Each structure stands twice: as C-alpha cells, then as structure tokens.
Amino acid sequence: MLKYIDKKINMQFKVPQDVQREDTIIGPITIRQLIILGIGGGMAYAIYVGLATSYYMEIWLPPVVIVSGLTLAFAFLKIHEMPFHLFLMNFLEYHLLPRQRIWIQGTGYPFIPPFEEPKKKQETHEEIKKKPVKSIEELTKVLDTHGELSHQEKKEGLKQIISQNYQN
Numbered sequence: 000m001l002k003y004i005d006k007k008i009n010m011q012f013k014v015p016q017d018v019q020r021e022d023t024i025i026g027p028i029t030i031r032q033l034i035i036l037g038i039g040g041g042m043a044y045a046i047y048v049g050l051a052t053s054y055y056m057e058i059w060l061p062p063v064v065i066v067s068g069l070t071l072a073f074a075f076l077k078i079h080e081m082p083f084h085l086f087l088m089n090f091l092e093y094h095l096l097p098r099q100r101i102w103i104q105g106t107g108y109p110f111i112p113p114f115e116e117p118k119k120k121q122e123t124h125e126e127i128k129k130k131p132v133k134s135i136e137e138l139t140k141v142l143d144t145h146g147e148l149s150h151q152e153k154k155e156g157l158k159q160i161i162s163q164n165y166q167n
C-alpha cells in the first residue's frame, strides 16, 4: 500500500509551459505561416506566369518581388514581439482615427425611443376583511372528518359566517 502511494506522489505530469505559442508543423513553421506562404506564393506564381510569357523581366519582376516581400513579412516578421499583421493594423488605426476626442456639452438631442410608458396601476386601499376565528372544537371536528361536513353542518356554518361578517 505504501509503495502505491509513493508512486502516485512521485508521478510526473507534462504541464504545458507556453500555451500562447502556436504548434509547429514543418520545422519552425506554424500552420498560420504555412497558409500565408501558400497563398502569397500562389499569388506571386500567378503574376509570374501571367506576365513572364509576354513581357520582359523589368515588367513582371517588381510585382512578384512586392508580393513575395509582403508574404514573407506577414509570415515571419515581428516588430516589438508583435506579428506584422497586428502591427500594421495598430499603425493604421493610430494614423487614421482621431487621437483626441472632443466632448461638446448640449449638442443635439438624446435619442428617446418611441415606446409607451407602462400604465401605473392605481393602488386601492380596501379594508382587509377579518376571517372569523373558529374554536378548537370546530377545527378538530373538521380534521377528524377529513373536511367532510354533513349538509346540516354546512348550512349552519354558512349562516354563522354570514351573520358574523354582515352584522349591521
């Protein structure tokens, strides 16, 4: 028993250390980089095939180099430990959006939706009617008979309740 507990305590479990890191597929290349390289390489090859047959190298080489360079930048380049596509988006957002927001008090009217307000229920204060207090004998009789009263007892009970509640 002691050996079993000792083995269980000393068991080593593999705990992932860097869960933010992407899994590598081929060497150090991740699946995201592989997809980017495939798409960019396909575009560069399509430009080459389309332009190389009818034009000189001065015409088809610049577009192929530009597409290849952008592809390599998107796949491998990191600036300040940030992937290039995120850096590019942050750069564009910084330069295109206003840097300072200005609040002017009282401009325009606030939007009020055209909903009807729920009608408030009128509170009516009615007098709470007091129920007649039954004696212990009546309650035990009801419990003993399981709530079944004879016809005569029902009539007498009703008359008694009516006389107590509607006394003028």
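Under numbering that gives the first Met the number 0, think of the first position of the sequence shown as 0, with each following residue one higher.
All C-beta atoms, glycine included, are put in the ideal place defined by N, C-alpha and C.
The structure presented is a predicted model; accordingly, all values stated were derived computationally and were not measured.
Between V66 and A43, the C-beta gap is smaller than 8 Å, which places the two residues in contact.
In this structure, the beta-carbon distance from F75 to Q19 does not fall below 8 Å. I30 is a Cβ neighbour of I24, given a cutoff of 8 Å. With respect to the 8 Å criterion, L36 and T70 are classified as neighbours on the basis of their beta carbons. Taking the CA atoms as reference points, Q159 sits about 42 Å from K118. DSSP, read as helix, strand or coil, puts T52 in coil.
For K77, DSSP records a beta bridge to P82. CA-CA distance, I78 to E57, rounds to 31 Å. Per DSSP, the beta-bridge partners of I28 are I25.
The beta carbon of E21 sits closer than 8 Å to those of T29, I30 and R31, all from its chain and outside the five residues before and after it, given in chain order.
Collapsing the DSSP output to three states places F90 in a helix.
Of all alpha-carbon atoms in P15, P61 and F73, the one lying nearest the alpha-carbon of I34 is that of F73. Only residues of its own chain outside the window of five on either side were considered, and among them none has a CB closer than 6 Å to the CB of E116. For the 8 Å CB-CB criterion, P27 and I46 do not form a contact. The alpha-carbon of G68 is positioned some 40 Å away from that of I101.
CA-to-CA, the gap between I111 and L95 works out to about 32 Å. For S134, the secondary structure class from DSSP, reduced to helix, strand or coil, is coil.
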